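Novice: My numbering puts the sequence shown at residues 19 to 426. The C-beta atom is built at its ideal place from N, Cα and C for all residues, glycine as well. As the structure is a prediction and not an experimental result, all values here were calculated from the model.
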Amino acid sequence: MKLSQTFIKTLREAPKDELAKNGALLSRAGYVHKEMAGVYDFLPLGLKVLENIKRIIREELNAIGSEEVLLSTLQNPELWEKTGRFSDQQVDIWFKTELSSGGIVGLAPTHEEPITNLMKTYISSYKDLPLSVYQFQTKFRNEKRAKSGILRGREFLMKDMYSFHATEEDLDRYYAEVEKAYDRIYARLGLTDTHETFASGGIFAKYSHEYQTFLPVGEDTVYYNADKTVFINKEVYNDEVLKDLGVENDSFSETAAAEVGNIFKLKFKYSEPLGLQFNDENNELKTVYMGCYGIGVSRVMGVIAEKFADEKGLCWPEPVAPFKAQLIGIGEAGVKVAEDFYNQHKDKILFDDRNLRPGEKFADAELMGMPYRIVISDKTMAENAAEVTSRKTGETKMIAIDKLNEIL
Numbered sequence: 019m020k021l022s023q024t025f026i027k028t029l030r031e032a033p034k035d036e037l038a039k040n041g042a043l044l045s046r047a048g049y050v051h052k053e054m055a056g057v058y059d060f061l062p063l064g065l066k067v068l069e070n071i072k073r074i075i076r077e078e079l080n081a082i083g084s085e086e087v088l089l090s091t092l093q094n095p096e097l098w099e100k101t102g103r104f105s106d107q108q109v110d111i112w113f114k115t116e117l118s119s120g121g122i123v124g125l126a127p128t129h130e131e132p133i134t135n136l137m138k139t140y141i142s143s144y145k146d147l148p149l150s151v152y153q154f155q156t157k158f159r160n161e162k163r164a165k166s167g168i169l170r171g172r173e174f175l176m177k178d179m180y181s182f183h184a185t186e187e188d189l190d191r192y193y194a195e196v197e198k199a200y201d202r203i204y205a206r207l208g209l210t211d212t213h214e215t216f217a218s219g220g221i222f223a224k225y226s227h228e229y230q231t232f233l234p235v236g237e238d239t240v241y242y243n244a245d246k247t248v249f250i251n252k253e254v255y256n257d258e259v260l261k262d263l264g265v266e267n268d269s270f271s272e273t274a275a276a277e278v279g280n281i282f283k284l285k286f287k288y289s290e291p292l293g294l295q296f297n298d299e300n301n302e303l304k305t306v307y308m309g310c311y312g313i314g315v316s317r318v319m320g321v322i323a324e325k326f327a328d329e330k331g332l333c334w335p336e337p338v339a340p341f342k343a344q345l346i347g348i349g350e351a352g353v354k355v356a357e358d359f360y361n362q363h364k365d366k367i368l369f370d371d372r373n374l375r376p377g378e379k380f381a382d383a384e385l386m387g388m389p390y391r392i393v394i395s396d397k398t399m400a401e402n403a404a405e406v407t408s409r410k411t412g413e414t415k416m417i418a419i420d421k422l423n424e425i426l
């Protein structure tokens, strides 16, 4: 991508109503545009980050045998009424709208009911189990206080996965596979300080597991033991839970954290009221066991932006960065060589070919946060080299032009 050929522009100041660091920097750097509280547009660079996050998640879920689907956003109230979740008293975050033909539909905050109903068409025998499906889908939740940039929105991108099993033992087996897959996902995203955390099950179950990333501005408080093997959300941190976990005599510290995923053993919570059943080996009718597994994709993007940014701007980990490097040419010879290099690596380079002073380009490169800044100038060409600066460490090296491929 050439910056001269895109509508993207960096901003000196963040929107006045944008107080969160992630929202302010993503807006200033041209990744997102704020429509209203809790609602954001993702611009070309922001969309590339989302797609990179999705790619990593998709690869790991495909590896454990899940299949990708895409369910509808508009929701049939009849399904949700069967589980008691269409009532505003039961679930108070619904967005609902009237159909021109009469009646009310909802905009999905999650998809347990529709996926359970869908599977009644495809699951009838034990031979159909186990199976797992996932989707990347926009969710809508009428949050009373949408805040913290893209960390908490009213409209957001989520990965939700659902698994279906003949036995509780098989649900436990697959749940363990998902735990390992989630560990790999967060490691690949660069969120190595993310931990599986014992938490409340909310509207789904009595208990669940959350994935919490240590973050100073996180909305949750997590307690952890000295060797960092047990993590408990403050909301369930009590003597009973400590006893259940066998750590009642351990000493715990606390930290702020941001939730970036959660997993639940639903068992019969939705399959029973919605009638999802199968015939077992003895031709006896049994209820399907279920699990569900979520990752807030746009929320993860916000956490990464918030966690790794510094006073100069964003600092993307390489696996999620929209481009591997930001390229700047200075001087007649430097610009020509930079153009040639860009033409060989267009998919990996953001080329700042705008008619601006070098200092402005350097500042924008720091703000936009690509892993490397490559500067090819008349001065560096005297050594047939380029100046390469790591955004993460700030270290600058001279690298021969014919060796630049190695950092891409």
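Would you list, in sequence order, the uninterrupted beta strand (DSSP E) runs of no fewer than 3 residues that lie entirely inside the segment 310-355?
Specialist: 343-348, all fully within the segment 310-355.
Novice: Just mark residue 117 as buried or exposed, buried being the case when its beta carbon has 16 or more other beta carbons within 10 Å.
Specialist: Residue 117 should be labelled exposed.
Novice: Which residues bound the alpha helix (DSSP H) around residue 380?
Specialist: First-last of the alpha helix (DSSP H) with residue 380: 376-386.
Novice: Since residue 205 is in the alpha helix (DSSP H), which residue starts that stretch and which ends it?
Specialist: Its alpha helix (DSSP H) spans residues 186-206.
Novice: CB residue 311 to CB residue 200, shorter than 9 angstroms?
Specialist: The answer is yes: Cβ separation under 9 angstroms.
Novice: What's the gap between the Cα of residue 167 and the Cα of residue 40?
Specialist: Taking the straight line from one Cα to the other gives about 6 angstroms.
Novice: Taking the alpha helix (DSSP H) that residue 66 belongs to, which residues open and close that run?
Specialist: Counting along the chain, the alpha helix (DSSP H) containing residue 66 begins and ends at 62-81.
Novice: Quick check: the Cα distance between residue 261 and residue 250, rounded to an integer number of angstroms?
Specialist: The alpha-carbon atoms of residue 261 and residue 250 are separated by roughly 12 angstroms.
Novice: What are the residues that DSSP puts in a beta bridge with residue 92?
Specialist: Per DSSP, 125.
Novice: Count the other CB atoms within 10 Å of the CB of residue 343; is the residue buried (16 or more) or exposed (fewer)?
Specialist: Result: buried.
Novice: Answer with buried or exposed for residue 205, where buried requires no fewer than 16 other C-beta atoms within 10 angstroms of its C-beta.
Specialist: Counting Cβ neighbours within 10 Å, residue 205 comes out exposed, since fewer than 16 surround it.
Novice: Give me the residue from 307, 148, 285 with the minimum Cα distance to residue 82.
Specialist: Measuring from the Cα of residue 82, the nearest candidate turns out to be 148.
Novice: Which complete alpha helix (DSSP H) runs does the segment 234-308 hold, if anything under 4 residues is left out?
Specialist: As far as the segment 234-308 is concerned, its whole alpha helix (DSSP H) runs of at least 4 residues are 257-263, 289-292.
Novice: Hey, residue 406 and residue 169: beta-carbon distance below 9 angstroms or not?
Specialist: Against a cut-off of 9 angstroms, the Cβ pair of residue 169 and residue 406 comes out as no contact.
Novice: Quick one: measure Cβ to Cβ for residue 337 and residue 80, integer angstroms, because I've assumed they're closer than 8 angstroms.
Specialist: About 17 angstroms separates the two Cβ atoms, so there is no contact after all.
Novice: From residue 365 to residue 333, what does the alpha carbon distance come to, in whole angstroms?
Specialist: Computed Cα separation, rounded: 19 angstroms.
Novice: Which one of 22, 51, 23 has the shortest CA to CA distance from residue 32?
Specialist: Nearest of 22, 51, 23 to residue 32, Cα basis: 51.
Novice: Beta-carbon within less than 7 angstroms of residue 402's beta-carbon, same chain only, minus the 5 sequence neighbours each way: which residues are those?
Specialist: 418, 419.
Novice: Please return the same chain residues whose Cβ sits closer than 6 angstroms to the Cβ of residue 186, not counting the five positions on each side in sequence.
Specialist: Closer than 6 angstroms at the Cβ level, and outside the excluded window around residue 186, lie 307.
Novice: Since residue 233 and residue 248 should fall inside the 8 angstroms C-beta cutoff, what is the C-beta to C-beta distance between them, to a whole number of angstroms?
Specialist: About 19 angstroms; that fails the 8 angstroms criterion.
Novice: On a CA-only basis, which of 304, 421, 389 is nearest residue 411? Give me that one, please.
Specialist: Residue 389 is the option with its Cα nearest to residue 411.
Novice: What do you reckon, is the C-beta of residue 98 under 8 angstroms from a heavy atom of the ligand SAM?
Specialist: The ligand SAM is not among the ligands present in this structure, which contains no ligands whatsoever.
Novice: From residue 258 to residue 266, what distance separates their C-alpha atoms?
Specialist: The straight-line gap from Cα to Cα measures roughly 9 angstroms.
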